[in-house]
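Taking it in order: structure first as C-alpha cells, then the write-up.
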Amino acid sequence: MNKPLRRIAIFCGLLVLALLIRDNWLQYVKADALREDPDNRRVLIARYATPRGDIIVNGKSITGHAETTSGDFKYKRTYKDGAMWAPVTGFVSQSYGATQLESIEDGILTGNDDRLFFRNTLDMLTGKPKEGGNVVTTLNAAAQKAAYDGLKKQGGKGAVAAIEPSTGKILALASYPSYDPSSIAGGSDSDAEAWKKLDKKNNPDDPMLNRALREVYPPGSTFKIVTAAAALQNGLYTQADEKTKSPLPWTMPGTTTQLKNEGNIPCENATMRVALQWSCNTVFGKIGSDLGNDKMLEEAKKFGFDEEQFTPVRSSASVFSDDMAPSEVALSSIGQFNTAATPLQMAMVASAVANDGTLMKPYMVDSLQAPNLDPLEQTEPEKMSEPLSPENAQILQSMMETVVEKGTGTTAKIQGVTVGGKTGTAQHGENNSKNPYAWFISYAKVGDSAPVAVAVVVQDDNAVRENISGSGLAAPIAKSVMEAVIDSKK
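The number in our numbering is simply the position in the sequence shown, starting from 1, with 18 added.
Shown next, in the form of C-alpha cells:
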C-alpha cells in the first residue's frame, strides 16, 4: 500500500474508533444522565405512555389515570379527593414534574424501578404492556377526612398530623388551604392557568405549602410537655403533685421583665400537674431556666427537634436554640422566642408520651407492591429515641389527662375514652401583633393501648383575637380525628 492510501486508511480507522468510543460513552456512561434529562422528550413520552401505578389508602386507590385527547402523552394522573390527599401524594404533572410520594416513589409507580426489571423483561417477551407498581400508605381515610373537614370548616390556615404511637405509622396528614393535583396533571392551557393561580406569588394563601411537614410555627404552651419531660428526666421534680419552687411574680434572670400568666390562675408554687392544667408560664419558664439551655436542648433533641424527618417525604427541622441567655431559655421553654415546630413534630411529642416514653420513627409508606400486588418492600417500625423513662412518661400522661378532664382542654373529651392533651396559644408577629396560632396536641387511650396521637395548629387571621385558643379552635378537630381512628378499629 502506498503512503497516501495508508494515511487515509489510518485516518478512517481513527474516525471509526472515535465513533465507537463516542457510541459506548453515550450508551453506558451518559445513559442515566440522558434518561433523566428533563429536556429529553422521548423519556417523557415513554413515561406517560402507560398507566401509572396507584397510591393506596385502606386498600383503595386515591389516584387513577385518564387518557389524554391531544399531544404526545397518552395518559395523565388523576386524583380522588385530591385536595384532601395532596399533603400525602404531592403531584405528578406532564408540565411541572413531581413532588412528595409521587416523586420519591416514581420508579415503582412508573414501573421503572430496578426491582421490576425481570418482570418488565418477561412482559416485553410476552408482549404485555408495562405496568406501574403501587405505594401502600399507612394513612387512615376516616382520620384524614376528619382532619381535612375540620380545618376546612374552621376556614383559616392550618394543619393536622396524627400518628399511631406504638409503630410510628402516620394516620393523617392534612393541610389547609389545599389544592387539587388533578388540575395541574396535564399539559393544557387550563393546567397552565391553574398552576399560575397556585403560585405563591399570585396566591398569598399558598395552597401548595404542606403545612403539616414544611411549615414551622411557634408551638406555644404545647411545648410545656417537653419542658415537663426535661424536669422529670433530670430529677428537678419527681412527681406530678410535688410543689414547684415558682414564685409569683417571677422576674426572668438577667432582666427586669416579669413573665406573665394568662388570667388569674393558681400558679404560685403550683405542682406540675396544676401548672400544666392551667398552663402556667411562670412555672415552666422557671423550670427551663433552672435546667439551663444544655439540658433543655438535650431533651428537645430526643423528641426530634433540630433534625429533619423523612417520612419518606421530608419534614422541616423543628427548632430549639443553643447558646441562649437564661431569660431566652425561659421563653423558649414555654414555646416562644426562637422555638418553632412542625405539626408532625408536636404529634411526635404526644406520641412519645403516649407510648410510655418511646418515640417511634414516623412513616407513611407501609409497603411497595409490584403490578401483580406481590410485595417488593415492607416498612418495619423503628425506634427513634427514648425521651422519657416509662415511669416518667406515665407521670406525664396523668398530667395531660388532667388537662382534658378538668383543665384547659375539656373540649377534647371523648365519652368512654381516656384522653390526654395540651392546649397552646402561640404569639407571633412583631411585638406579638398578629393573631396567635391555636394549638392542641393529644392522644387517646382505649384500655391499655393508645391508637392515636394528634397535633393540630390553626391560624385564623379573621378571628377576634380574644376568641383564639387551642381549646376553642384546635381541640375539637383533634377530638374528631381521634374519634375517627377509634371508630375505624371497632
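Ideal Cβ positions, reconstructed from N, Cα and C, are used throughout, including at glycine.
Values in this document were obtained by computation on a predicted structure and should not be read as measured data.
Verify whether the separation of the beta carbon atoms of Val499 and Ala101 is less than 8 Å. Numbered from 1 along the sequence shown, position 481 holds the residue referred to as residue 499. Numbered from 1 along the sequence shown, position 83 holds the residue referred to as residue 101. No. Outside cutoff.
Which value, in whole angstroms, describes the spacing of the CA atoms of Trp296 and Glu419? If you number the sequence shown from 1, residue 296 lands on position 278. If you number the sequence shown from 1, residue 419 lands on position 401. Computed Cα separation, rounded: 13 Å.
For the candidate residues Gly272, Ala246, Gly176 and Leu35, whose alpha-carbon lies nearest to that of Ala343? Looking up residue 343 in the sequence shown gives position 325. The option with the nearest alpha carbon to Ala343 is Gly272.
Would DSSP call Lys278 helix, strand or coil? On the sequence shown, residue 278 is found 260 positions in, with the first residue counted as 1. In this structure, Lys278 counts as coil in the three-state DSSP scheme.
Cα-Cα, which of Asp72, Ala359 and Leu169 is closest to Gln477? Within the sequence shown, the letter at position 459 stands for residue 477. When each option's Cα is compared against that of Gln477, the closest is Leu169.
Own chain partners of Thr376 with C-beta closer than 7 Å, once the 5 adjacent residues on each side are dropped: Translated into the one-based positions of the sequence shown, residue 376 becomes position 358. Closer than 7 Å at Cβ, skipping near neighbours: Ala370, Lys401 and Glu404.
Return the bridge partner residues of Lys218 from the DSSP annotation. Here residue 218 is taken as the residue at index 200 of the sequence shown, counted from 1. Paired residues: none, contrary to the question.
Please report the distance separating the alpha-carbon of Glu409 from that of Gly253. For the purposes of this step, residue 409 is taken as residue 391 along the sequence shown, with counting starting at 1. For the purposes of this step, residue 253 is taken as residue 235 along the sequence shown, with counting starting at 1. Roughly 12 Å separates the two Cα atoms.
Determine which residues share a DSSP beta bridge with Phe458 and list them. The count along the sequence shown starts at 1 and reaches residue 458 at position 440. In DSSP, Phe458 forms a bridge with Thr441 and Val474.
Close Cβ partners of Ala159 (< 6 Å) along its chain, the five nearest in sequence each way excluded: Looking up residue 159 in the sequence shown gives position 141. Answer for Ala159: Val75 and Asn76, listed in chain order.
Near Ser451, what residues of its chain come up, given a Cβ to Cβ distance below 6 Å and the 5 sequence neighbours on each side ignored? The residue labelled residue 451 in the question sits at position 433 within the sequence shown. With a pLDDT of only 46 at Ser451, under the threshold of 50, the placement of this residue in the model should not be trusted, and no figure is reported.
Is Val106 near Leu127, with beta carbons less than 8 Å apart? For this step, residue 106 is matched to residue 88 along the sequence shown. For this step, residue 127 is matched to residue 109 along the sequence shown. No, the Cβ-Cβ distance between Val106 and Leu127 is not below 8 Å.
Under 8 Å, do Gln276 and Pro267 count as touching if we go by C-beta distance? In the sequence shown, counting from the first residue as 1, residue 276 sits at position 258. In the sequence shown, counting from the first residue as 1, residue 267 sits at position 249. In contact: Gln276 and Pro267 (Cβ atoms closer than 8 Å).
Please list, in chain order, all residues of the same chain as Asn449 whose beta carbon is under 8 Å from its beta carbon, the five residues on each side excluded. Numbered from 1 along the sequence shown, position 431 holds the residue referred to as residue 449. In this prediction, Asn449 scores a pLDDT of 45, lower than 50, which makes its location untrustworthy; the coordinate-derived value is nonetheless stated afterwards. Excluding sequence neighbours, Asn449 sits near nothing in its chain.
With a 10 Å radius around its C-beta and 16 neighbouring C-beta atoms as the bar for buried, classify Arg60 as buried or exposed. The residue you call residue 60 lines up with position 42 of the sequence shown. Burial call: exposed.
Please list, in chain order, all residues of the same chain as Gln387 whose beta carbon is under 7 Å from its beta carbon, the five residues on each side excluded. What you label residue 387 is simply residue 369 of the sequence shown in a count that begins at 1. The answer, listed in chain order, is Gly151, Asn152, Val154, Pro393 and Leu394.
CA-CA distance, Gly465 and Ser334? Along the sequence shown, one-based indexing puts residue 465 at 447. Along the sequence shown, one-based indexing puts residue 334 at 316. Roughly 34 Å between the two C-alpha positions.
For the alpha helix (DSSP H) containing Asn152, name the first residue and the last one. Mapped onto the sequence shown, residue 152 falls at position 134. Careful: Asn152 lies outside any alpha helix (DSSP H), inside the beta strand (DSSP E) at Asn152 to Thr155.
Continuous alpha helix (DSSP H) assignments of at least 4 residues falling wholly in the segment 57-91: 59-65
On the three-state DSSP scale, how would you describe Phe302? By one-based count along the sequence shown, residue 302 stands at place 284. The answer is helix: DSSP assigns Phe302 an H, G or I state.
Given a threshold of 16 other Cβ atoms within 10 Å of its Cβ, counted over all protein chains shown, does Asn279 qualify as buried or as exposed? Start at 1 with the first residue of the sequence shown, and residue 279 comes out as number 261. Flag for Asn279 reads buried.
Touch check for the segment 288-304 and the segment 350-358: three-plus C-beta pairs under 8 Å? yes
Could you compute how far the alpha carbon of Gly31 sits from the alpha carbon of Asn20? For this step, residue 31 is matched to residue 13 along the sequence shown. For this step, residue 20 is matched to residue 2 along the sequence shown. Spanning the two alpha carbons is a distance of roughly 17 Å.
Please identify the residue among Val435, Asp99, Glu233 and Gln162 whose C-alpha is closest to the C-alpha of Ser201. Numbered from 1 along the sequence shown, position 183 holds the residue referred to as residue 201. Ranking the options by Cα distance to Ser201, first place goes to Asp99.
Suppose you measure from the CA of Asn510 to the CA of Lys214; what does that come to, to the nearest Å? Lying outside 19 to 508, the shown extent of the chain, residue 510 is not represented and no answer is given.
Looking only at its chain, what residues have a beta carbon closer than 6 Å to the beta carbon of Asn228, apart from the 5 residues adjacent to it on each side? As a working note, residue 228 is residue 210 in the sequence shown. Taken in chain order, the residues that qualify are Pro105 and Ser193.
Taking the beta strand (DSSP E) that Leu191 belongs to, which residues open and close that run? For this step, residue 191 is matched to residue 173 along the sequence shown. Residues Ile188 to Tyr194.
Nearest by alpha-carbon distance to Ala411: which of Asn373, Thr443, Asn390 and Ala468 is it? Here residue 411 refers to the residue found at position 393 when the sequence shown is read from its first residue. Ranking the options by Cα distance to Ala411, first place goes to Asn373.
Whole-angstrom distance between Thr397 and Gln251, CA atom to CA atom: The sequence position of residue 251 within the sequence shown is 233, counting from 1. The sequence position of residue 397 within the sequence shown is 379, counting from 1. Straight-line Cα distance between these residues: approximately 31 Å.
Spatial neighbours of Ala164 within its chain, please: CB distance less than 6 Å, with the 5 preceding and 5 following residues excluded, ordered by chain position. Taking the sequence shown and counting its residues from 1, one reaches residue 164 at position 146. Within the same chain, Ala164 has close Cβ partners Ser498, Val499 and Ala502.
Start-to-end residues for the beta strand (DSSP E) that takes in Leu394: Sequence index remark: in the sequence shown, residue 394 carries index 376 (1-based). Unbroken beta strand (DSSP E) run through Leu394: Pro393 to Gln396.
Would Gly427 and Met366 be called neighbours here (beta carbons separated by less than 8 Å)? Here residue 427 refers to the residue found at position 409 when the sequence shown is read from its first residue. Here residue 366 refers to the residue found at position 348 when the sequence shown is read from its first residue. No, these two residues do not count as a Cβ contact at 8 Å.
Arg332 - DSSP class collapsed to helix/strand/coil: Within the sequence shown, the letter at position 314 stands for residue 332. Arg332 falls in the strand class under three-state DSSP.
Mapping DSSP to helix, strand and coil, what is Ser489? Stepping through the sequence shown from its first residue, residue 489 is reached at position 471. The answer is helix: DSSP assigns Ser489 an H, G or I state.
Taking DSSP as the reference, what is the three-state secondary structure of Gly238? Within the sequence shown, numbered from 1, the residue matching residue 238 stands at position 220. Helix, per DSSP.
Under the three-state DSSP convention, the category Tyr114 falls into: By 1-based counting over the sequence shown, the position of residue 114 is 96. It is coil, neither helix nor strand.
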